[in-house]
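Q:
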Amino acid sequence: MNLLGFIARNALRNRRRVLLTVSSVAVSCGVLVTLQTLQRELTVPPESEGASLRVIARNKVSIAQPLPARQLAVIERIPGIVAVSPFTFFGGLYADEKATGFAQFGIDPERFRGIMVEGRIVAGDYEGFVADRNGCMVGSDTVERYKLKVGDHMRFTGTFYPVDLDLRISAVFKGTVDDRGVFFHHKLLDAATDGGGTVGTWYMRVESAGVAPRVIAAVDKAFENSSAEVRTETERAFQMGFMSMLGDVKALTLSVSSVVVFTLMLVTMSTMSMAIRERFRELAVLKALGFRRRELFSFILAESFGLSFAGAVLGIAGTWLFWSSINLQKLTAGFLIYFEVTPRIMAMAGVVAALLGIVSAIAPAVAVARMSVVDGLKTID
Amino acid sequence: MAAVPIVRVRDLFKIYRQGDLDVVALNGVSIDIEPREFVVLMGPSGSGKSTLLHIVAGIDRATRGAVSVQGIDVAALNESQLADWRNQNVGFVFQTFNLIPVLTARENVELPLLLTRMRGDERRRQVETALRLVGLDDRMHHRPDQLSGGQQQRVAIARALVTDPALIVADEPTGNLDAKSAADVLSILRILARDSGKTVIMVTHDPKAAAYGTRSLHLEKGEIVA
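In order, the protein sequences belong to chains A and B. In this text, residue positions in the first sequence follow the numbering used here: the first is 1, and each later residue adds one. In this text, residue positions in the second sequence follow the numbering used here: the first is 1001, and each later residue adds one.
As C-alpha cells, then:
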C-alpha cells in the first residue's frame, strides 16, 4: 500500500455515496457543457474562408429599412470591391409550415457567383439558375430534409412581403457553413413590389481581408448625409448583430450555468463534509500516528478532487458522445446546425469541476487540520 | 546507580477553561519513569490520568510544567516536529482499537511506516514481524470487521510496535475486551516491557489489569496520591 492507494481506499469506502456524488458532478458537468455549447451555437456564427472577404451594408437606421437600388452604381465603383449583389431576406413560410427553419434571399445570380465562393453546385447547374427567372438555388441540407430534387417546385408564403413565391429548383449547392438557404432572383421581388427600386442589404466581396476596413469606411462615406445612410460591416459582425436579436443569450446561459455551478459546489461540499465528519476519529488517529496537518489536508483535497474529476470526465465525455451521436439539425428542424462540443468547452467544464472539488474540500480540510488529536479521539463513531 | 528516566515530568499543570470556570485536570504532577517500566495509571474518572498520558505522548499540551521523553523537551516542539516525534518514538493503543475499517490488518499496521523513507519490501518485512509478535500473522489479510475485539486490539498493538518506538502508551486497552482477550493483550504489553525493552504507560480502571504493571500510580483530582 502507498499513500495514493490509501487515499483511493478512503474515497471509495462508501460506494453508494461515491456513485451518487460522481453522478451528480457528471450530470452537472453535462448540463454545463450543453449550455456553453448552446451559447456558442447561438452567439458565435460559424466562420468560413470566404467570410473574411465578405462585407454587408444595411440601412443605418434599421435592418428592417430597405436601401435604394440605385446605390449599386455607386458601390461597384468603390476600389477594392470585387463583386456586389443585392441581398434581401424574404422570410417566407415553406409549403404549409407554421415556422420555416431556413432563410430565403433575393439576389442577383450573375453578381452573386463572385461572392459565395466556397460553395459548389452538386446538382443542376448554376447557369440554369441564372437563366431561369423563376429558378432558385437550394442548400443541400434543405433538399435532403424535404426530399427535393432539381426541377421540383418550392412555394413560399410571404410574411414580410405581400407576395407568395413559386420557385423551381435549378441548382443545389453544398460546402458553405450553412447549406440550408434558398436563393432566388431579386427581380421576382422587384416585380412583386411594383418595380422594386429597393433592396434589403448589399452583399459584397472585397479583394483581400486587408482592404476590408478601407472598403467599409468608403461605402459608409459614400452615402453619408444621403436619404439612406448605410452601415457596413464584415459578415461576421453582421451575423453577431443578427444573433443579438434573439435576446441576451449570453446573459441567460451564464445565469443558468452559474446555478449549475453553484449546485455542483453544494453537492461536493456536502459530500465532503459528511465524508470527513464520519472520519474525524480516524483522522485524529492518523494525527496521533504522526501524520502532519499538511498531509491530512492533502488527503482530503486529493479525495475531493478525485471524485470531482471522475464525475467531470464521465459527464463531459458522456455529453460529447451524446451530442456527437444525434442529428440535432434534423431534430430541431435546422435551428441548431453544428452544436459542436469543442475541446475548449470541455476543458472549461473540467477546470470548473476540478476547482470546485478543491474549493469544496477546503472547509473540512481546515477543520481537520485544526482539530486536536484529543478532541478528535473523543468523537463518537 | 539508578537508570536515567525515559520520561521525566516536572510540576505539570493542565487547566481547562469551561465557560467562566477553570477546571484543573493536572495539579503539579511530577514523575519519573525508567526504561522497561510498565507503569499503570489508575484513578477515578476525571482524576487526570488520561490527560497525563496524552501530554506525555505528545497529543496534548500542558498549561505549564516540563515533560521530557528520552531527553527531548516535548513542549518545545512545534506541531510538525511533534508529529514526526510521535511517529518515531511513541506507539498508541486505544480503548476502541481505532483501526481503519477499509484497510486489512497488514495495511493498518503499515500506516505509520508510510511516513518513513522505508522501501516497500522493508515495510512488508517489518509489518509481518510486528503481526507475528502479536500472534496474528495468519490474519494479516483480514479487515477489522473480520476480526474479534481481542484480535483487533492485537493489530493495534502491532501498529504501535511497527516503528520500534521506545514508548508505548495504552489508554484503557482492555476496556472493550472479554477477560480472555484482555489477558492476552496485557500479557503482550508485559512482554514488550520486560523482554523487548519498551517502556509502557497504561491507563486503566481495572485492578486486575493493573497487576500486570511493574508500578502503579494513583491519581485523584489531578495529583498523584500513591
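The C-beta atom is built at its ideal place from N, Cα and C for all residues, glycine as well.
Ends of the beta strand (DSSP E) at residue 1218(B)?
A: Residue 1218(B) -> beta strand (DSSP E) spans 1215 to 1220.
Q: Applying the 10 Å Cβ sphere with the 16-neighbour rule, what's the burial state of residue 299(A)?
A: Buried, by the Cβ-count rule.
Q: If contact is defined by three or more beta carbon pairs under 8 Å, each pair taking one atom from either stretch, is the segment 134 to 146 of chain A in contact with the segment 169 to 188 of chain A?
A: Verdict: yes, contact present.
Q: Sort out for me which residues DSSP pairs residue 1073(B) with in a bridge.
A: Partner(s): 1068(B).
Q: Evaluate residue 266(A) with the Cβ neighbour count: other Cβ atoms within 10 Å of its Cβ, from every protein chain shown; 16 or more gives buried, anything less gives exposed.
A: Exposed.
Q: Helix, strand or coil: which one does DSSP assign to residue 1121(B)?
A: Reduced to three states, the DSSP call for residue 1121(B) is helix.
Q: Just verifying my parser: in three-state terms, what is the DSSP assignment at residue 145(A)?
A: If DSSP states are grouped into helix, strand and coil, residue 145(A) belongs with the helices.
Q: Where does the unbroken beta strand (DSSP E) through residue 1023(B) begin, and where does it stop?
A: Residues 1021 to 1033.
Q: Rounded C-beta distance between residue 1157(B) and residue 1185(B)? I'm assuming under 8 Å.
A: With 8 Å as the limit, residue 1157(B) and residue 1185(B) qualify as a contact, their Cβ atoms being about 7 Å apart.
Q: Which residues bound the beta strand (DSSP E) around residue 1018(B)?
A: Taken as a continuous stretch (DSSP letters only), the beta strand (DSSP E) holding residue 1018(B) covers 1007 to 1018.
Q: Between residue 302(A) and residue 357(A), what straight-line distance do the alpha-carbon atoms span, to the nearest angstrom?
A: If I take the Cα positions, the gap works out to 9 Å.
Q: By Cβ distance, which residues of its chain are closer than 8 Å to residue 1131(B), with the 5 residues on each side in sequence left out?
A: Within the same chain, residue 1131(B) has close Cβ partners 1105, 1106, 1109, 1137, 1139, 1140, 1155 and 1158.
Q: Output needed in chain order: residues of the segment 1132 to 1147 of chain B with a Cβ under 8 Å from some Cβ in chain A.
A: So nothing in the stretch comes that close.
Q: Please list, in chain order, the residues of the segment 1046 to 1068 of chain B that have any C-beta partner in chain A closer than 7 Å.
A: If the cut-off is 7 Å between Cβ atoms, the segment 1046 to 1068 of chain B has 1054, 1059 and 1060 near chain A.
Q: Taking C-beta pairs closer than 7 Å, name the residues in chain A that residue 1112(B) reaches, listed in chain order.
A: The answer, in chain order, is 289 and 290.
Q: Kindly say whether residue 282(A), judged by its beta-carbon, lies nearer than 8 Å to any beta-carbon of chain B.
A: Output row for residue 282(A): interface = yes.
Q: What alpha helix (DSSP H) runs, 4 residues minimum, are completely inside the segment 164 to 212 of chain A?
A: List check, alpha helix (DSSP H) in window: 186 to 192.
Q: Determine the DSSP secondary structure at residue 128(A), reduced to helix, strand or coil.
A: In the structure shown, residue 128(A) sits in a helix (DSSP, three-state: H, G or I).
Q: Keeping to the same chain, check which residues put their C-beta closer than 6 Å to that of residue 284(A); ignore five residues upstream and five downstream.
A: Hits under 6 Å: 373, 376 and 377.
Q: Going by alpha carbons, who is nearest to residue 16(A) out of 188(A), 217(A) and 275(A)?
A: When each option's Cα is compared against that of residue 16(A), the closest is 275(A).
Q: Judging by CA-CA distance, which residue of 341(A), 2(A), 126(A) and 263(A) is the nearest neighbour of residue 1117(B)?
A: Among 341(A), 2(A), 126(A) and 263(A), the Cα nearest to that of residue 1117(B) belongs to 2(A).
Q: Grouping DSSP H, G and I as helix and E and B as strand, with all else coil, what is residue 364(A)?
A: Reduced to three states, the DSSP call for residue 364(A) is helix.
Q: Roughly how many whole angstroms lie between the Cα atoms of residue 190(A) and residue 32(A)?
A: Distance between the alpha carbons of residue 190(A) and residue 32(A): 48 Å.
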